[in-house]
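Residue numbering for the sequence shown follows full-length UniProt numbering, starting at 1 and increasing by one per position.
We put the CB at the ideal spot given by N, CA and C, even for glycine.
All remarks here apply to the structure that follows.
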Amino acid sequence: MKLAELKAAIAGSIIQDSVTEEISIQGLQIHSGLINPGDMFVAISGYTRDGHEYIQEAIERGASVIIGEKPLQLNVPYIQVENSRKALPRLAGAFYDYPSSKHKMIGITGTNGKTTISYMLRHILNYAGISCSVFGTISYIINGEEYPPTNTTPDALKLQELLAMSNDEYVIMEISSHALEQSRIDGLTLDYALFTNLAHDHLDYHHTMENYFRAKQRLFNFLNQDGQAIINSIDPWGRKLTSILKEKKVPAKIVAKEGKGDLLIEELSPEGSGFRVSLNGKSYPVILAFPGKHNVYNAAMSILTCYEAGIPIETIIAALDSFKGVPGRFEMIEHPSGARFVVDYAHTEDAIEYCLNTAKEMGAQKVTHIFGFRGGRDQTKRGNMLDASLMYSDEVYLTIDDLNEVPLEAMLKDLEALKLKTSSGRVQVISDRTAAIRKAWLQAKKGDWVLITGKGPELYKEDFLLPVKSDLQALEYLNHEFQAPYKTGAQLQGLFK
């Protein structure tokens, strides 16, 4: 691509331009170690590292043009812009020939439910004969192939590359508040923008719930001229967003439980796997293969979105009937004794309440909850999460999640301090996550439910007692080790001395 075309995409933000000749750009990079001869290097002032420090390495590797936001004199062509981070999505969009315009684009934001809704939408669309890509927490799915994710929402450069790779008609994206704040999706246009809910999370980054909400609200600036907002107004922040969009005259369709709404949820079963929806004055039964009121809300959002996309309601309901769920989202494993183990990604107070309450509603006689906290993340939500757990749990095992370079001793000290604050004898601190799972497995009996939250299908970053890399793998390992013959609690007492 000719440099002139890229410069045109950022014309309004150029401060200094030392380029005097026409240059062909072979590639676009933000990591100096990936530079090949003829590439453009965009230096971004990051949150932990400054890309300007890597300009010399980029030049040595053959970068033909450098873009940055500092006044520099270099021995290669240099373009100074007002903000490199904001320039990147425009450069990437131009370099890949604005690929979002070739797809129907669905963007989903909110604290909880983004992944489940994205998988539901993909399943319904595929059932209706429509191909679609998914970019989200679990994986990137493009042209039927699955790729490991880098972030929930890729960086602006990777995002445009993935969009260009996709030949699918629809693209479904989970869009995080970080992505919206960091301009990763700038330059995209969306056909549908979904808001699921807002709960206490990421306040180490956003500081206040109002700031967090404003970041999420930015998503609706990316709707195209004929775009449609889909809002969960059951959530109070959804109701607030509905009012804001109404003032701005942004078209919005609403999911509600009562009162006014474009899709109303009716007759919800106690465990939340069966319900009815009312659409255009007609009522329809819906059955899900997995439980939880939160999944009913996720399904309602998916139904309304696909209906607005032109898929017949009968097709949508038939598709949901065959949807088996999402890896690591309320994924149930049967224990040889008849107990149930559940692996779920829940990592907020609200999500934990939904999971544990669902177990109670499904007849759990005893609930054991295993979860921990990630180092270097929002500490203000930890007490609330433990309080939510104690509302429904008979036993709580606080354990280690990802340390993220926080010393183990410091994390254990924090866990012990939380335990002391509860004044509850139901809380134990077990530093090794797999040891906590193993203990619950060995003690489980019929009627018990054990919920392991916080990781879902994610791989461990730490090494633990069991030779496994995830919660799901830990349960598979234990099932293989102990199911034949199944050992009783009395036979296993010596293991805990």
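Taking 8 angstroms as the cut-off, the Cβ atoms of Gly375 and Asn404 count as close.
The beta carbons of Leu180 and Lys216 sit closer together than 8 angstroms.
When DSSP reads this structure, Glu145 sits in a beta bridge with Ile142. Check the Cα spacing between Ile437 and each of Trp449, Leu268, Met40 and Leu475: the tightest is with Leu475. Rounded to the nearest whole angstrom, the C-alpha separation of Ala128 and Pro407 is 50 angstroms. Annotation: the continuous alpha helix (DSSP H) that includes Ala215 extends over Met209 to Gln217.
The Cβ neighbour count for Thr153, taken over all protein chains shown within 10 Å, is at least 16; the residue is labelled buried.
In this structure, Leu91 is the residue among Leu91, Arg122, Thr189 and Ala388 with its C-alpha nearest to the C-alpha of Glu161. As computed with DSSP, Asp50 is found in a beta bridge with Ser45. Taking C-beta separations shorter than 6 angstroms and ignoring five residues to either side along the sequence, the partners of Ala256 in its chain run Ser233 and Leu264, following chain order.
Within the same chain, Cβ atoms closer than 8 angstroms to the Cβ of Ala339 are found at Ala444, Lys445, Lys446, Gly447, Asp448, Trp449 and Val450, the five residues on either side in sequence being excluded.
Judged by DSSP in its simplified three-state form, Phe222 adopts helix. The three-state secondary structure of Pro89, taken from DSSP, is helix.
Within its own chain, the residues whose Cβ lies closer than 6 angstroms to the Cβ of Ser273, once the five positions on either side in sequence are excluded, are Leu288 and Pro291, listed in chain order. Beyond the five residues adjoining it in sequence on each side, Ile130 comes within less than 7 angstroms, by CB distance, of Glu169 and Tyr170 in the same chain, given in chain order. Taking every protein chain shown into account, the CB of Lys293 has 16 or more other CB atoms within 10 angstroms, so this residue is buried. By the neighbour-count definition (other C-beta atoms within 10 Å, threshold 16), Lys282 is an exposed residue. Uninterrupted beta strand (DSSP E) stretches at least 3 residues long and entirely within the stretch 248-276 occur at 252-256 and 263-266, given in chain order. Put simply, the backbone Cα of Leu198 is about 40 angstroms away from that of Ile79.
With respect to the 8 angstroms criterion, Pro99 and Ala164 are classified as neighbours on the basis of their beta carbons.
The beta-carbon separation of Val367 and Tyr392, rounded to 6 angstroms, stays under the 8 angstroms limit for a contact. Under the DSSP assignment, Glu334 falls in the beta strand (DSSP E) whose first and last residues are Glu331 to Glu334. With fewer than 16 other Cβ atoms inside 10 Å of its own Cβ, Glu416 counts as exposed. Asp191 carries a strand assignment under DSSP once its states are collapsed to helix, strand and coil. Counting only runs of 3 or more residues that sit fully inside the stretch 375-451, the beta strand (DSSP E) segments are 395-400 and 427-429, in chain order. Per DSSP, His369 lies in no alpha helix (DSSP H); the unbroken beta strand (DSSP E) holding it starts and ends at Lys366 to Phe373. Below 8 angstroms, too few C-beta pairs join the stretch 118-126 and the stretch 236-252 to call them touching: fewer than three. Residue pairing from DSSP places Tyr78 in a beta bridge opposite Ile66. The C-beta separation of Asp432 from Leu465 comes to about 5 angstroms, placing the pair in contact by the 8 angstroms criterion. The DSSP-derived three-state label of Phe482 is helix.
In the DSSP assignment, Glu361 falls within the alpha helix (DSSP H) that extends over Glu349 to Glu361.
Listed in chain order, the non-local C-beta contacts of Ser176 below 7 angstroms within the same chain comprise Thr152 and Thr153, local neighbours out to five positions each way being set aside.
Taking Pro149 as the centre and dropping the five residues before and after it, the same chain places the C-beta of Phe135, Gly136, Thr137, Ile138, Ser139 and Tyr140 closer than 8 angstroms to its C-beta, in chain order. About 17 angstroms separates the CB atoms of Ser64 and Val81; that is not less than 8 angstroms, and the two are not in contact.
Under the three-state reduction of DSSP output, Glu174 falls in the strand class. For Ile230, the secondary structure class from DSSP, reduced to helix, strand or coil, is strand.
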